[in-house]
Structures are given as C-alpha cells and as structure tokens.
C-alpha cells in the first residue's frame, strides 16, 4: 500500500481548487461562445448562460468591473441575455449578479478590422505563468527533503520568507494534497524575450492562499483554483492542469496581472485573466497580441505554423491537428466533440480508465482522455464505449454467476463489451442521469460507490436502494451544463 501511495504522491504538484465532497468540479460556463474566441465582426453577440434564475445581471464591455449595487447598475442585460462585442481587436466583457462575477475575453478580426502595422506590446501574463509553474516545483521540493511522502501526514518549510505547509490525506481511492501558503516568497529564473533577444530574468514571487490536488494511485487527476501573487508581479494565477502519469499532462494556467517588471511588455488590459495551455504555454485561443509583420499579411491566422488552407481549425492554434471523431474539424474548435464523459449520480462521480480496471472519480475533468469515451452503436439496442486514452473498450470480467468487475479490454465486439442504455426511472426519473448501463453478456448493471470501485452483481439492475449508484448521464464533450444523452 505504501508503495502505491508514494507513487500517487509523486504527482502532487502545487495546485488549488474548491475543496468539498464532490472533488474538483469544472467551472460553470457563463458565456456562449466561450472566452478566448475570435469573432468575425464588430457587434457580434455573446450570450450569457446558466444564470436563468438571476433576474438582474450587470455588465460592462470596457474592461471595468460592473458595479452591482444591489442590481441598480447602468448596464443591465435585457430579456435576450446577449451582449454586443463593441470593437475590433481585444475586448473584455465582465458581468456581475447577486452572488458572483465572471469575465470573458474576445478578439474581433474581419476584413473591416484592418490590422494595424503599429508595433504592439506582447502581454507579460505568459511570463508570469511560466515563472509560477517553476515556482510551484521548487517550493514543493523544499518539504520532506525533496521526497514525496510515503503516507498521510503533515509537512512544512520556510520559504525565502514566509512559509508553506503540506497536508496529505486519503479520500477512498484518491490521494488529496492540500498546500497552505503564508506570504511564501521564492525567486525563480526563466528565459524571456526582451528587445528581440532571449535573456534570463529572475523574478521574486510571493504567494498567499490554499491550494489542493486530487489524484488516484496511478498518478492521474486534476488541479485547479486560484492563488494571489505579489512581489515582482501583482496578480493572480489559476490552475486548471490535468495530471497524467505523476506529472502535468494537459490543461492550462490562467494569469491576471496589474503590474509586471518587464520592459517591452505589459499586463493584459484591465487585469484580464488570460489562459496559457500546457505544455508550451501557448496563448489559449490565439487571442494574445503579436508584433505586426511586414505588410500586415497573414496566411496563418492562428500562428500555429500550419497554413490556413491545410489547417483543420484555422482560427484556433492546434499544432497536433487532433480530430478524435474524424469529421475534418479539429478538436480545438469542434462544437460536437466525438466523445462522452460518463457521470454517475452518486456524488457526481465520473468513469475513469485505470491501469487494471475502471474506477469512478469525484474529480470530473472533461479534458482528461482517461475520462473520454467514444460512444458507438454495437448491434441491436446496444452501444460500445472506446476510451480515448488507452484505445480499449468498456468491458467486464468475472465468473458466470458474478460478481463482475468493470474493466477495459482490447475491443473485440463481444457481448461483454456491449451495453444497453436503459431508461432508469426507479426512485424517480432524473433527466441529468436518465439511464443505466446494462451489460449484454451478463444480467447486471454498472454500479459505483464512494470507494471508486465499479462493478456489478447478478440481477442488481432493479435492486431498491441502489438507484443513484447505477444512474448515469452520458455528457457529450463533458458539457455538464447541458442535458446528456436521453433514452
């Protein structure tokens, strides 16, 4: 047990998130199209979503913070819940309602928005992101002799000034690591571009707040949340990183700043939060400014080195040209992703492909390929599910009379890998979790509990008291704010 736990702890890099019984939840989306989208013309409309119960929503389009003032604000959304993006180039929209705020960034590019040849300053938010990533790694190494804990416990260390504390605990089959920073200062050195030359610069970052990460014993999980940064930068950093095989494997950092130490750079306007994607920390959505080229001509709009004529997603950088559903539209801009995330009603746990069997995790992360399942018809009234991380199909193993463990195996079209999607209204129908997965080879339905195990026993499909453990929703693209597949 200690060796497996030590393996899980190896991936516990610094991160932050909301801590609760449901684990790290993806943030609620409030804008359609989402932030970091390039729009075709001035006046393009952005819809505010998932706030139907809020009678008053205030907004601004000039980057200032909307003054909620109890709903008495100069700019209030009308019944259409739409905001016109006002001008060419970068736009920052902010909203406020009775219990929260949110923002989204857009770029307007069109023939009518002729690009200026005047030199522009690149944003320093990217430098903050790269410095913070290194800062995380070096601060973690200050604790426990630069070794990963082999058991639960508490550790602490002095930073250059200030302190950091580390608590490790177990939640079923998950390892939960919580880091608490108290004015933790540390200097890191990274390469930056200054005057057209790459130079090494040292930045002192002072971080406050509490950060958390949730992983399984194979080193797969997620991190998320926000910390405040002072010192050479003033701002915040939000982590939405996917952990794979004990290290960063995807996702992004978002950085907002109001002050930076760099010549020839500036923070994004109005302290906007800008996302940068791992591993190369490229600007998400390609909305960050670059110096104008001669003649202001572009043959590669998203600057991903693939010319527009050959790019399956010409307005969104995607050097890998990934297209999981093979429809010719790159995953980076495909509004209909070719996968589902399988979510149980019990604790909102999601199905995740493990090393030897399938688990359920309270850390639902649509960007994690281990949680992405390609759903396809497989005979009469049945479907198969192919995992996009290992290429294997959802299957089961066990003796004739059960019990059966849900696993993944090489796809072979057998009845073990065929699942009937049955309407499940026992205990009341829930449109968010409308079905159960009934195996064709043996008479059982996939069941999970708070330990993360996924299994079935003979004739358990109609067993009273287990409804929530069997009810699932198949969410296309992991869009939990929309209704899943309906039977």
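Residue numbers (our numbering): 739 to 1225.
We put the CB at the ideal spot given by N, CA and C, even for glycine.
Fair warning: this is a prediction, and the values are worked out from it, not measured in the lab.
Item: Give the secondary structure of residue 1224 by DSSP, where H, G and I count as helix, E and B as strand, and everything else as coil.; Value: coil
Item: Locate the alpha helix (DSSP H) running through residue 864, then write down its first and last residues.; Value: 863–878
Item: Taking C-beta to C-beta, are residue 814 and residue 796 nearer than 8 Å?; Value: yes
Item: Any idea which residues DSSP pairs residue 961 with across the strands?; Value: 951
Item: How many Å lie between residue 1115 and residue 1109 at the Cα?; Value: 19 Å
Item: Could you spell out the range, first to last residue, of the alpha helix (DSSP H) harbouring residue 1205?; Value: 1205–1208
Item: Terminal residues of the continuous beta strand (DSSP E) containing residue 843?; Value: 838–846
Item: Leaving out the 5 sequence neighbours to the left and right, which residues in its chain are closer than 7 Å to residue 1039 when beta-carbon positions are compared?; Value: 1046, 1052 and 1053
Item: Can you tell me where the beta strand (DSSP E) with residue 975 in it begins and where it stops?; Value: 972–982
Item: Let's test the definition: count the other Cβ atoms within 10 Å of the Cβ of residue 812 and tell me whether it reaches 16, buried, or not, exposed.; Value: exposed
Item: Are the CB atoms of residue 1140 and residue 1195 nearer to each other than 8 Å?; Value: yes
Item: The beta strand (DSSP E) with residue 915 in it runs from where to where?; Value: 912–932
Item: Given that a residue counts as buried once 16 or more other Cβ atoms are within 10 Å of its Cβ, and exposed if not, what is residue 951?; Value: buried
Item: Report the rounded CA-to-CA distance for residue 948 versus residue 870, giving the unit in angstroms.; Value: 15 Å
Item: Looking only at DSSP bridge pairs, what is residue 1177 linked to?; Value: 1157
Item: Evaluate residue 1221 with the Cβ neighbour count: other Cβ atoms within 10 Å of its Cβ, from every protein chain shown; 16 or more gives buried, anything less gives exposed.; Value: exposed
Item: Can you tell which of 1079, 1159 and 960 has its C-alpha closest to the C-alpha of residue 915?; Value: 960
Item: Buried or exposed: where does residue 1225 fall if 16 or more other Cβ atoms within 10 Å of its Cβ makes it buried?; Value: exposed
Item: Note down the Cα distance separating residue 1209 from residue 1173, rounded to an integer number of angstroms.; Value: 6 Å
Item: From residue 1213 to residue 1112, what distance separates their C-alpha atoms?; Value: 11 Å
Item: Ordered along the chain, which non-local residues of its own chain (more than five positions away) have a Cβ less than 6 Å from that of residue 930?; Value: 865 and 939
Item: Name the DSSP beta bridge partners of residue 835, please?; Value: 838
Item: Spatial neighbours of residue 891 within its chain, please: C-beta separation below 7 Å, excluding the five flanking residues on both sides.; Value: 906
Item: Nearest to residue 774 by CA position, among 1006, 996, 933 and 850, is which residue?; Value: 1006
Item: Could you pull the DSSP bridge partners for residue 1131 from this structure?; Value: 1124 and 1147
Item: Kindly give me the distance between the Cβ atoms of residue 923 and residue 954, rounded to whole angstroms, as I take these residues to be in contact under 8 Å.; Value: The pair is not a contact, with the Cβ atoms about 33 Å apart (cut-off 8 Å).
Item: Taking the C-alpha atoms as reference points, what is the distance between residue 970 and residue 1168?; Value: 51 Å
Item: Would residue 804 be called buried (16 or more neighbouring beta carbons within 10 Å of its own) or exposed?; Value: buried
Item: Report, in whole angstroms, the separation of the C-beta atoms of residue 963 and residue 977, which I expect to be a contact under 8 Å.; Value: 6 Å
Item: Would a C-beta distance cut-off of 8 Å place residue 926 and residue 945 closer than the cut-off?; Value: no
Item: Using C-beta distances below 7 Å, list every residue in its chain close to residue 1033, excluding the 5 sequence neighbours before and after it, in chain order.; Value: At residue 1033, the pLDDT of 42 sits below 50, so the modelled position is not reliable; the number obtained from the coordinates is stated separately. So the list is empty, once near-sequence residues are dropped.
Item: Per DSSP, residue 1137 forms a beta bridge with which residues?; Value: DSSP lists no partner for residue 1137.
Item: Quick one: is residue 859 buried, meaning 16 or more other Cβ sit within 10 Å of its Cβ, or exposed?; Value: exposed
Item: What does a CB cutoff of less than 8 Å around residue 846 pick up in its chain, not counting 5 residues either side in sequence?; Value: 776, 777, 778, 779, 780, 782, 823, 825, 826, 827 and 829
Item: For residue 861, which residues in the same chain have their Cβ closer than 6 Å to its Cβ, ignoring the five residues on either side in sequence?; Value: 1006 and 1026
Item: Short of 6 Å in beta carbon distance, which residues of its chain neighbour residue 1178, apart from the five on each side in sequence? Order them along the chain.; Value: 1120, 1153 and 1156
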